[in-house]
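Since the structure comes first, as structure tokens, the remarks are kept for the end.
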Amino acid sequence: MQSASPSLAHELDARLIALWRQLGPADRHDLSRTAASVLATLRDHGPMRITALAAAESVAQPSMTTLIARLERDGLTERSGDPADARAVLVRISEEGRERLARIRAARAAAVDSRLAALDPSERAALEAALPVLDKLISGGAV
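Quick note: the sequence shown uses this note's numbering, first residue 3, plus one each step.
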């Protein structure tokens, strides 16, 4: 199997970062990227321990504890006992957290839509044709 060109990897990375930076501020409703990512992780994977969330976000456990306290104070997460371990606590996303994520995603989609509208049909078609390839990259090569 032929390896990908290092320059292709570099160029793709640079463009993804640039797009993420431009879309990041698209109405996050006063949530940091990490806070939004934590809420998305809880939405997608269900209740988790703070230590697991910290590992998933590559932050220190005390930082995650502080973030979860803020998210809980804002009504976006809830804590409950872990049925598997009475000493542990699980964090789950609240309904308000789900609604906030939905609003963030809608705002981001609107920002992308406005940029897509500026492309000609062949450019939009090229992006659409690339979606399965991007899915394959996301899944680590398995589709």
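Cβ coordinates follow ideal geometry from the N, Cα and C atoms, glycine included.
Out of the options, which has the shortest C-alpha to C-alpha gap to residue i?
i, options, result
"E59", "L121, L14, L21, A42", "A42"
"I95", "V114, R75, A131, P85", "R75"
"I106", "S39, A16, L21", "S39"
"R110", "V61, H12, R23, R17", "R23"
"D46", "S9, R100, L139", "R100"
"R102", "S82, D122, L78, T53", "L78"
"L118", "E13, L21, S9", "L21"
"R1", "V61, A16, L14", "Past the edges of the chain, shown from 3 to 145, lies residue 1, and the structure says nothing about it."
"L33", "E13, A11, A104, D15", "A104"
Report all residues from its chain with a CB closer than 7 Å to the CB of residue i; omit the five preceding and five following residues, and keep chain order.
i, result
"A37", "L69, L73"
"E98", "G77, L78"
"S9", "none"
"D115", "none"
"A57", "none"
"D15", "none"
"V135", "none"
Can you list, in chain order, the residues of its chain whose CB lies under 8 Å from that of residue i, leaving out five sequence neighbours each side?
i, result
"L2", "Nothing can be reported for residue 2: it is not among the residues displayed for the chain, which extend from 3 to 145."
"I52", "Q63, M66, T67, I70, V91, V93"
"L121", "L129"
Tell me the residue span of the beta strand (DSSP E) that contains residue i.
i, result
"D84", "79 to 84"
Since residue i contacts residue j with CB under 8 Å, what's their CB separation in whole angstroms?
i, j, result
"A113", "L25", "5 Å"
Residue i lies in the alpha helix (DSSP H); which residues open and close that run?
i, result
"L33", "Looking at the DSSP string, L33 is not in any alpha helix (DSSP H), and its letter there is neither H nor E."
"D76", "Where D76 is concerned, there is no enclosing alpha helix (DSSP H), given that its DSSP letter is neither H nor E."
"V91", "Per DSSP, V91 belongs to no alpha helix (DSSP H); it is in the beta strand (DSSP E), 87 to 95."
"L133", "123 to 140"
"A62", "Run containing A62: none; DSSP gives neither H nor E here."
By Cβ distance, which residues of its chain are closer than 6 Å to residue i, with the 5 residues on each side in sequence left out?
i, result
"S82", "L92"
"P49", "L92, R94"
*Are the region 84 to 98 and the region 119 to 130 touching by the rule of at least three beta carbon pairs closer than 8 Å?*
no
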